[in-house]
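Novice:
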Amino acid sequence: MHCNDFEILMNEYNDGELQKEKEPLLFAHLAQCERCREDFKLYSNMQFKYREKFDEYPDTLDSRIMATLKNRQPVPDKTLFQKQVPVYYLQAAVVAVLALVVYVVFQMREFDYRIENQKSQYMQIFEAVRYQEQQMNRLMDDAPSAKVRAVIDNTEIQKKQM
Ligand SMILES: [Zn+2]
306 MHCNDFEILM
316 NEYNDGELQK
326 EKEPLLFAHL
336 AQCERCREDF
346 KLYSNMQFKY
356 REKFDEYPDT
366 LDSRIMATLK
376 NRQPVPDKTL
386 FQKQVPVYYL
396 QAAVVAVLAL
406 VVYVVFQMRE
416 FDYRIENQKS
426 QYMQIFEAVR
436 YQEQQMNRLM
446 DDAPSAKVRA
456 VIDNTEIQKK
466 QM
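Residues 306 to 467 in the numbering used here are what the sequence shown spells out, letter by letter.
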């Protein structure tokens with residue numbers, strides 16, 4: 306985190322909007338960075354004067370800031386944010402898995418529908434083939450006279466040849 310980032314936290318703090326768990330992060334930086342500390346005092350003075358609650362930057366706050374330096378080893382600024390990352394990733398993963406499940410279910414339904422469609426098409430073709438077969442059988446049944454004649458013709462031909 307850079308000084309610019311802490312400026313945002315400072316503004317939040319002075320507006321009373323800074324999350325409690327981020328306070329040590331801000332104070333740890335203020336304890337180490339004189340420039341930001343001066344800015345912070347200036348901001349706070351302006352803020353307090355604006356609110357007409359305090360005339361001066363309260364000493365207690367100053368000592369609280371410096372106390373963080375004594376109490377805490379320089380805390381790596383990242384720790385707070387690193388802790389938040391896995392939760393974020395987990396949420397993203399859950400959303401991704403849900404989206405995948407919805408997609409797969411949808412695809413499967415689509416696939417089922419297509420299979421069902423193909424099935425009925427095959428059934429139609431099967432019916433058509435069966436119908437043709439029946440027609441051909443009927444035709445064959447109707448055709449014996451032709452066969453008989455063919456046999457007769459053959460025998461007549463054979464007789465003539467003899
Ligand atoms: Zn700074």
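Virtual Cβ for every residue (Gly too), placed ideally from N, Cα, C.
On a predicted model such as this, the values are computed, not experimentally measured, just so you know.
Between ASN316 and LEU323, what straight-line distance do the alpha-carbon atoms span, to the nearest angstrom?
Specialist: 8 Å
Novice: I'd like to check one pair, ILE370 with ARG342: are the Cβ atoms closer than 8 Å?
Specialist: yes
Novice: Output the boundary residues of the alpha helix (DSSP H) element that contains GLN337.
Specialist: 328-337
Novice: I'd like to confirm something about ARG340: is its beta-carbon nearer than 7 Å to some heavy atom of ligand 1, or not?
Specialist: yes
Novice: Below 6 Å CB to CB, which residues in the same chain sit around PHE332 once its five sequence neighbours on both sides are set aside?
Specialist: ILE370 and THR373
Novice: Considering MET315, what are the terminal residues of the alpha helix (DSSP H) in which it resides?
Specialist: 308-319
Novice: Suppose you measure from the CA of MET441 to the CA of VAL434; what does that come to, to the nearest Å?
Specialist: Approximately 10 Å between the Cα atoms of the pair.
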